[in-house]
Structure formats: structure tokens, C-alpha cells
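Asks: Just so you know, the sequences run in chain order A and B. This note's numbering numbers the first residue of the first sequence as 526 and each following residue consecutively. This note's numbering numbers the first residue of the second sequence as 301 and each following residue consecutively. Where a beta carbon is used, it is the ideal one built from N, C-alpha and C, also for glycine.
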Amino acid sequence: MIWVAWRQHRAVLLSLAAYAVVFTGLVVFMHVRLASQLDAEEVAACFGQAPDRFCEDAKGYWDLRARLFNLDELARAAVFGFAALAGAFVGAPMFAREWEQRTHLLALSQSISPRRWFTTRVAVVLAATVLGAALLGAAQWWATMSLAAPLDVWKRLQPRYFEAQPVALIGYTLFAVALGIAAGLLLRRTLPAMAVTLVGVLGAVYAVRMFARPNYTTPVVATIPFDDPAQSASIDPGRWSLAQGFSDLDGRFVEDEEAAYEALSRCEQLPGEPGDARYVQCAADSGLTGTANLVHPGSRFWAFQFIEFGLFALAAAALIALSLWWLRKRST
Amino acid sequence: MGSDVGFAVRANRLGMRYRGTWALRDCSFELAPGTVTALVGANGAGKSTLLVLAAGLRRPTEGTVEVRGDVGFVAQEKPLYRGFTVAETLRFGRATNLTWDQDYAEHLVGAARLPLDAKVGRLSGGHRARLALVLALGRRPDVLLLDEPLSEMDPVAREATAGTLMVAVAETGVTVVLSSHVIAELDGMCDHLLLLDRGGVRLAGDVDELIDAHRVVVAARGADFGDHEVVTAREGERQVTALLRLAGPPDLPEASPPALHELVVAYLRTGEAA
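So this is what it looks like as C-alpha cells:
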């Protein structure tokens with residue numbers, strides 16, 4: 526039966542494999558080229574500097590990086606796109622096409638049980654697509670970790686970077702293929718199932734990014750006190766900043782920015798320089814101690830990847846269970 | 301075979317409703333093992349629905365249909381994977397069935413002159429129908445359900461396919477149910493008849509017994525046929541041709557037993573008139 530599953534899907538699975546290999550190759554190529562722009566001495570010097578001024582002197586590196594910027598964005602979009610494409614081109618037609626071409630009458634009338642027919646094919650397809658997602662995600666992970674692009678490590682918790690990282694990407698791929706399978710079984714038409722899958726995957730990931738991911742854990746308030754602006758040098762570069770504002774006397778985040786700005790502009794009109802003792806006192810009288818960001822520290826990256834994976838993997842399992850139930854309800 | 305052998309297919313008040321209309325209703329019959337049954341009826345009489353239910357591909361709305369043993373089924377569309385080659389189609393059969401007779405399947409493919417490396421999508425309709433039948437026979441089923449198996453075939457292929465089926469019946473005692481609306485192509489193949497009319501069983505039984513229980517009579521208009529039931533009557537200017545279902549011994553001088561197709565057409569026509 527594994528042979529049957531492979532034979533039925535090999536064309537589209539090989540196409541997806543080619544896609545994964547091409548974009549993995551592109552990412553590796555870009556970052557090897559970038560790395561070749563840095564010599565050992567420069568790298569050694571870089572590490573002595575503050576993170577946000579990383580390798581400022583390596584002009585050749587930064588020029589090339591600027592030129593590759595668009596390509597890098599494209600590669601990242603393509604890596605996330607793999608999940609959506611797998612859902613639309615592998616998951617959706619898997620069963621919809623059987624019903625469209627009436628071959629379900631052939632498959633379901635053999636002595637193999639519908640359950641085994643379904644699970645074997647789903648297992649083969651999920652294994653193959655997860656492999657592709659792992660390859661692409663690993664290349665992205667390597668690229669953000671490699672010496673040539675340490676700046677990206679800082680960003681990997683941020684939206685658009687986060688989604689291309691391996692653990693979450695595998696979750697999206699499982700979800701997309703499962704959604705395609707469920708849509709195909711319920712709608713029994715390939716094109717509508719593909720459309721539902723594409724819209725569903727993009728919508729689900731966007732909704733999670735906007736509403737769920739910021740709340741995976743409680744964000745922390747990162748404050749730069751008015752009386753110690755030097756602390757800005759020690760900002761966690763890998764953090765994901767959700768909102769900017771101010772902190773109050775208890776260290777809480779002040780959301781009402783308009784009132785805060787009003788109070789601070791009054792303080793600014795006092796004689797003296799902003800940031801001097803009188804200004805700090807004035808701000809404190811209004812209940813403000815410094816500028817602040819509501820952030821998730823960069824150290825939460827892996828936890829967030831696994832929470833995201835868990836969420837989408839759970840949804841995928843539910844969709845597969847729904848599909849199997851539907852299949853058994855419709856036939857015997 | 302006696303009644304102690306039991307049944308191969310049995311339907312009990314079987315009914316199937318699609319979107320408010322009954323495709324099949326109150327259908328009860330029993331088919332003995334080793335019989336070859338012609339399932340006939342007008343378009344939309346419920347033949348395909350009955351076969352799909354018997355194959356276990358849908359759940360009936362009401363009633364039951366039981367099939368003893370392993371069931372081979374060929375749907376009306378003769379569905380096959382068009383991207384597969386003939387050899388791969390056989391491998392599909394081997395992979396998805398508990399029992400599979402590869403030698404037999406290859407023998408049938410050879411007899412039908414199907415090239416093993418040909419893509420299924422490039423085969424003619426008749427060849428595809430034969431391959432679909434090979435796939436159903438290769439698993440050596442106990443019951444074979446065929447929906448219009450001969451419809452796409454040329455006369456030579458029909459004869460060869462009929463021969464293949466008869467050999468399979470003789471060798472393995474497989475029970476065959478095959479539907480058709482071309483009655484002529486079933487003559488000589490089938491020993492039983494199951495006639496559906498608008499979702500119900502109109503006539504069922506052994507072909508010879510059914511023929512024996514009917515007579516075609518040509519008589520003067522207004523003739524009295526006694527207790528015999530008039531199935532259909534066609535009136536000419538002076539005389540009437542009637543198909544009678546005998547209620548007792550055949551006591552009519554001008555009567556002759558009907559041919560199978562006469563019998564079937566007569567019953568189908570009563571359905572239309574009603």
C-alpha cells in the first residue's frame with residue numbers, strides 16, 4: 526500500500542522536493558557568499574563590538590547584504606510558502622481527485638479497509654512534506670545562526686522571520702496538508718479544495734500571529750529609565766517588541782500613550798535639559814519613570830516555536846480525525 | 301445447489317434515498333451462490349444504486365443488503381487510475397487485496413491483448429473495461445458485481461469477456477450479478493433475472509422458470525384469457541398479441557414461450573405505461 530501511495534503522489538511530491546532543494550540551495554548560496562565577504566580578522570573584531578554595531582567596518586559585507594536583501598525576503602516567503610503549497614497541491618487533490626475521477630469506487634471496493642487506505646496515504650504524504658519543510662526550515666535556521674548573518678538571529682522571534690524557522694514550519698506544513706485533505710474529502714472538488722486550503726492556511730497563520738502568539742507567555746516590560754539612558758546599550762537584540770510606551774512607578778507598562786506624551790511635553794517645557802534631575806522628577810510626578818517596550822525576550826524563541834508547532838499540529842490531528850470520521854460516515 | 305447452501309446476496313426491504321427521491325425502495329431478493337444474475341431495468345430504475353449498496357460503498361437509507369464472502373465490484377464508469385500503466389494497475393490490485401492471483405490476472409491481460417507497459421489513460425474504452433474486469437477477477441472474489449460490464453466493448457470483446465466470466469463461474473463457482481439495459485447481450489450468459497422498475501423488484505427468478513411461466517399469445521380482439529394475468533397486450537386491427545403470466549397449466553393452443561428479451565421488454569413496458 527505504501528507503493529500505491531507513493532505511485533499516486535510521486536509527481537507532486539517530487540515537484541515539491543525540487544522546490545525545497547532550489548530554495549535551500551539559494552539560502553545556502555547567499556549566506557556562503559556573505560560569509561566569504563568577512564575575513565577572520567574582521568570577524569574577530571566584530572565580536573568585540575556591541576551587537577547593534579556589529580561589523581560596522583565590514584563595508585563589503587554590508588553592501589552585498591543590501592543587494593541580497595530582496596532575494597533574502599523572497600527566499601523567506603518561499604520557505605513559508607512551502608507549507609501552503611504542500612496543502613494546496615498535495616493535500617487538497619489527494620481525495621478530491623479520487624471523487625472527481627470516480628476512482629474512489631475503485632479504491633474503496635478493494636479488500637483493503639477504507640481506514641488503512643486513508644491512513645497509509647496520509648502518512649506517506651505527511652512524512653514526505655514534513656521532510657521538505659524540515660530541510661527548508663533548517664536552512665533558514667542555519668542562515669540565522671551562521672557567522673555571516675548574526676543580525677538575523679536577533680530577528681528570528683519576529684513575525685515574518687519566525688514563520689520560516691523549522692519547528693513552526695513543520696507545524697504549518699502538517700496543518701496545511703491536513704486542511705487540504707479535509708477540504709478535499711468534504712468538498713470532493715479539487716479547485717475549491719485548493720482555494721479553501723490556501724485561504725485557510727494564510728488566514729490561520731495570520732490570525733495566530735496577530736492574536737495568539739503575542740500571548741503565549743506574559744510579555745515583560747523593558748524599561749530605559751529617564752535617569753539612565755545608557756541602559757539602551759544593553760537592550761536584548763533578539764527580543765520581539767509588541768508595543769512601545771512608558772513604564773510607571775511600579776514598573777508597569779503604560780498603555781495610555783496620549784496622556785503620557787501630554788505629561789512629558791509639559792515636563793520638557795521646564796527649564797533645563799530633558800533627562801536632567803528636574804525632568805526626571807517631573808515625569809515621576811506624572812507617574813512615569815522611563816520609556817518602555819512590551820517585549821518577549823529573544824530567549825523565548827524555542828519555547829515559542831514549540832508552542833506554535835503544538836497549536837498547528839493539534840489542529841492538523843483534529844482535521845485528520847474529522848476526515849477519517851467523514852470517510853467512514855459516507856462509506857461503510 | 302440446494303437451499304441449504306444459503307445465499308450469496310440477500311436484500312431485505314432495501315431502500316436508498318438521494319436528496320428526497322427514492323432511487324431504490326422496498327427491495328427484497330435472494331441470490332444463490334454460483335448463479336449468474338442479469339440485473340435489468342430502464343434507465344434510473346436503481347440498478348447502479350443496488351450494486352453500489354451491495355458493494356458496501358454506500359450505506360442504505362433503510363433495510364439491509366448482505367453479501368457473503370469477498371466482493372469484487374466494477375462501477376459503471378470503469379474507474380481506473382489513468383496515470384498508471386497496465387502492469388501498475390495489476391500491482392495496485394495486488395497491494396490492496398488480501399488475495400490476489402497474479403498469474404491469473406496476467407493471463408487475462410494477455411488474453412485481452414493489453415500491453416503491460418501501456419498507460420491506462422491511452423487505452424480505448426473497451427480495453428479499459430476489460431482491465432477493470434481483470435482487476436475485479438484477479439482477487440478471486442466470491443461475488444462479482446458488474447455494472448454494465450460490456451457496454452463499451454465491441455462484439456468480439458463482448459464474446460471474449462462473456463467467455464472469461466463463464467470460465468470463472470465454472471472454475472470457482474463465483475456468483476455474478478451483472479447489470480445491462482441491452483438484454484440481447486445477456487442472453488445465454490445468465491441463469492437468473494432480477495428486473496427492477498422504478499426502484500423496486502418487478503420480476504425475479506430463474507430464467508428458464510420465468511420463461512416457462514409466461515406465454516405469448518396471438519388471439520382475436522376481445523379474447524378471454526381466463527385466469528392468466530395479462531402482462532402486456534398490443535392490439536392490432538383484428539387481433540391482439542399478449543404476454544401472459546400463467547396462473548395454471550398452459551391451456552392455450554396458439555401460445556408459445558417468450559424469448560428472454562421479449563419477457564424483459566414486456567415487463568419494462570408495463571412500467572412505462574403505469
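Within 10 angstroms of the Cβ of glutamate 537 of chain B, are there 16 or more other Cβ atoms? Answer buried if so, exposed if not.
Replies: As a working note, residue 537 of chain B is residue 237 in the second sequence. When all chains shown are included, glutamate 537 of chain B counts as exposed.
Asks: What does tryptophan 528 of chain A reach in chain B if we use C-beta pairs closer than 8 angstroms?
Replies: The residue you call residue 528 of chain A lines up with position 3 of the first sequence. Those are Arg391, Ala395, listed as they occur along chain B.
Asks: Given a cut-off of 8 angstroms, decide if alanine 603 of chain A and phenylalanine 548 of chain A are closer than it, judged by their beta-carbon atoms.
Replies: Reading the first sequence from its first residue, position 23 is the one you call residue 548 of chain A. Reading the first sequence from its first residue, position 78 is the one you call residue 603 of chain A. Yes, these two residues count as a Cβ contact at 8 angstroms.
Asks: Short of 6 angstroms in beta carbon distance, which residues of its chain neighbour leucine 445 of chain B, apart from the five on each side in sequence? Order them along the chain.
Replies: On the second sequence, position 145 is the one that residue 445 of chain B refers to. Around leucine 445 of chain B: Leu351, Ala354, Ala355, Phe373, Val477.
Asks: What do you get for alanine 755 of chain A, buried or exposed, if any count of 16 or more other CB atoms within 10 angstroms of its CB means buried?
Replies: The residue you call residue 755 of chain A lines up with position 230 of the first sequence. So alanine 755 of chain A ends up on the exposed side.
Asks: Per DSSP, which residues does phenylalanine 687 of chain A bridge with? Please list them.
Replies: Position 162 of the first sequence, counted from the first residue, corresponds to residue 687 of chain A. None, per the DSSP bridge assignment.
Asks: So which residues of chain A does glutamate 377 of chain B contact, with C-beta pairs closer than 8 angstroms?
Replies: Indexing the second sequence from 1 puts residue 377 of chain B at position 77. Here the neighbours are Arg627, Leu630.
Asks: So, for cysteine 792 of chain A: in the same chain, excluding its five sequence neighbours on each side, which residues have a beta-carbon less than 6 angstroms away from its beta-carbon?
Replies: As a first step, residue 792 of chain A must be located in the first sequence, where it is residue number 267. So the qualifying residues of the chain are Tyr804, Cys807, Ala808.
Asks: Kindly identify the DSSP beta-bridge partner or partners of serine 757 of chain A.
Replies: Counted from its first residue, the first sequence places residue 757 of chain A at position 232. Answer is none; serine 757 of chain A lacks a bridge partner.
Asks: Of all Cβ atoms in chain B, is any one closer than 8 angstroms to the Cβ of serine 638 of chain A?
Replies: Counting from 1 along the first sequence, the entry for residue 638 of chain A is found at position 113. Serine 638 of chain A does not count as touching chain B.
Asks: DSSP on serine 848 of chain A, reduced to helix/strand/coil?
Replies: On the first sequence, residue 848 of chain A is found 323 positions in, with the first residue counted as 1. Of the three classes helix, strand and coil, the one that applies to serine 848 of chain A here is helix, per DSSP.
Asks: State buried or exposed for methionine 719 of chain A, treating a residue as buried only when at least 16 other CB atoms are found within 10 Å of its CB.
Replies: To locate residue 719 of chain A, count along the first sequence from 1; it is residue 194. It counts as buried.
Asks: Which one of A:Tyr741, A:Phe826, A:Ser638, A:Gly606 has the shortest CA to CA distance from lysine 680 of chain A?
Replies: Indexing the first sequence from 1 puts residue 680 of chain A at position 155. It is A:Phe826.
Asks: For asparagine 818 of chain A, which residues does DSSP report across the bridge?
Replies: For this step, residue 818 of chain A is matched to residue 293 along the first sequence. In the DSSP output, where bridge partners are listed per residue, asparagine 818 of chain A has A:Ala747, A:Gln769.
Asks: Under 8 angstroms: do the segment 642-652 of chain A and the segment 759-774 of chain A share three or more Cβ pairs, one atom per stretch?
Replies: The answer is no - the segment 759-774 of chain A does not touch the segment 642-652 of chain A, with fewer than three Cβ pairs under 8 angstroms.
Asks: Between B:Leu390, B:Gly410, B:Ala412, which has its C-alpha nearest glutamine 402 of chain B's C-alpha?
Replies: Position 102 of the second sequence, counted from the first residue, corresponds to residue 402 of chain B. Nearest of B:Leu390, B:Gly410, B:Ala412 to glutamine 402 of chain B, Cα basis: B:Leu390.
Asks: Contact check, leucine 408 of chain B vs threonine 464 of chain B under 8 angstroms by CB: the rounded distance?
Replies: Taking the first residue of the second sequence as 1, we reach residue 408 of chain B at position 108. Taking the first residue of the second sequence as 1, we reach residue 464 of chain B at position 164. Yes, they are in contact, since the Cβ atoms of leucine 408 of chain B and threonine 464 of chain B sit about 7 angstroms apart, within 8 angstroms.
Asks: First and last residue of the beta strand (DSSP E) that includes glutamine 539 of chain B?
Replies: Residue 539 of chain B sits at position 239 when you count from the first residue of the second sequence. Per DSSP, glutamine 539 of chain B belongs to the beta strand (DSSP E) from 539-545.
Asks: For alanine 520 of chain B, which of helix, strand or coil comes out of DSSP?
Replies: Taking the second sequence and counting its residues from 1, one reaches residue 520 of chain B at position 220. In the structure shown, alanine 520 of chain B sits in a strand (DSSP, three-state: E or B).
Asks: Under a Cβ-count criterion, where at least 16 other Cβ atoms within 10 Å of its own Cβ denotes burial, should serine 790 of chain A be classed as buried or exposed?
Replies: Your numbering for residue 790 of chain A matches position 265 in the first sequence. Exposed: under 16 other Cβ atoms inside 10 Å.
Asks: So which of A:Gly815, A:Gly606, A:Ala843 has the shortest CA-CA distance to tyrosine 786 of chain A?
Replies: Taking the first sequence and counting its residues from 1, the one referred to as residue 786 of chain A is at position 261. It is A:Gly815.
Asks: Return yes when the Cβ of leucine 559 of chain A is within less than 8 angstroms of the Cβ of leucine 589 of chain A, no when it is not.
Replies: Numbered from 1 along the first sequence, position 64 holds the residue referred to as residue 589 of chain A. Numbered from 1 along the first sequence, position 34 holds the residue referred to as residue 559 of chain A. Yes, they are a contact pair.
Asks: Between the segment 340-367 of chain B and chain A, which residues of the former have a C-beta closer than 8 angstroms to a C-beta of the latter?
Replies: Correct list: Val352, Ala355, Gly356, Leu357, Arg358, Arg359.
Asks: Could you have a look at methionine 719 of chain A and say whether DSSP puts it in helix, strand or coil?
Replies: Residue 719 of chain A sits at position 194 when you count from the first residue of the first sequence. DSSP places methionine 719 of chain A in helix when its eight states are reduced to three.
Asks: If you draw a straight line from the alpha carbon of alanine 387 of chain B to that of valine 565 of chain B, how long is it in whole angstroms?
Replies: Taking the second sequence and counting its residues from 1, one reaches residue 387 of chain B at position 87. Taking the second sequence and counting its residues from 1, one reaches residue 565 of chain B at position 265. Their backbone Cα atoms lie some 41 angstroms apart in a straight line.
Asks: Using alpha carbons as the reference points, say which of B:Asp497, B:Thr475, B:Asp491 lies closest to histidine 481 of chain B.
Replies: For the purposes of this step, residue 481 of chain B is identified with residue 181 of the second sequence, where counting begins at 1. Of B:Asp497, B:Thr475, B:Asp491, the residue nearest in Cα terms is B:Asp497.
Asks: So which residues of chain C does arginine 622 of chain A contact, with C-beta pairs closer than 9 angstroms?
Replies: Chain labels in this structure do not include chain C; the protein chains are A and B.
Asks: For arginine 440 of chain B, which residues of its own chain have a beta-carbon under 7 angstroms away from its beta-carbon, when the five flanking residues on both sides are left out?
Replies: The count along the second sequence starts at 1 and reaches residue 440 of chain B at position 140. Correct list, in chain order: Thr399, Asp401, Thr472.
Asks: Flag aspartate 442 of chain B as yes if its beta-carbon sits less than 8 angstroms from any beta-carbon of chain A, otherwise no.
Replies: Against the second sequence, residue 442 of chain B aligns to sequence position 142. False, the Cβ-Cβ gap to chain A never drops below 8 angstroms.
Asks: Quick check: what's the CA-CA separation for valine 552 of chain A versus leucine 694 of chain A?
Replies: If you number the first sequence from 1, residue 552 of chain A lands on position 27. If you number the first sequence from 1, residue 694 of chain A lands on position 169. Distance between the alpha carbons of valine 552 of chain A and leucine 694 of chain A is about 16 angstroms.
Asks: Taking the C-alpha atoms as reference points, what is the distance between leucine 339 of chain B and lysine 347 of chain B?
Replies: One-based indexing of the second sequence puts residue 339 of chain B at position 39. One-based indexing of the second sequence puts residue 347 of chain B at position 47. Approximately 7 angstroms, taken between the alpha carbons.
Asks: Note down, one range per segment and in chain order, each beta strand (DSSP E) of at least 3 residues found wholly within the segment 411-467 of chain B.
Replies: 443-447, all fully within the segment 411-467 of chain B.
Asks: Between the segment 708-715 of chain A and the segment 729-747 of chain A, can you find at least three pairs of beta-carbon atoms closer than 8 angstroms?
Replies: Verdict: no, contact absent.
Asks: Considering only C-alpha positions, which residue in the set B:Leu495, B:Gly499, B:Gly548 is nearest to aspartate 506 of chain B?
Replies: Against the second sequence, residue 506 of chain B aligns to sequence position 206. Checked all of B:Leu495, B:Gly499, B:Gly548; the closest Cα to aspartate 506 of chain B is B:Leu495.
Asks: I need the boundaries of the alpha helix (DSSP H) containing tryptophan 400 of chain B, first residue and last residue.
Replies: Within the second sequence, numbered from 1, the residue matching residue 400 of chain B stands at position 100. Neither: tryptophan 400 of chain B is in no alpha helix (DSSP H) and is coded neither H nor E.
Asks: Under the rule that 16 or more other beta-carbon atoms within 10 Å means buried, what is serine 832 of chain A, buried or exposed?
Replies: Within the first sequence, residue 832 of chain A is the residue found at index 307, counting from 1. In the sequence under discussion, the amino acid at residue 832 of chain A is isoleucine, which differs from the serine named in the question. Its Cβ being crowded by 16 or more others within 10 Å, isoleucine 832 of chain A is buried.
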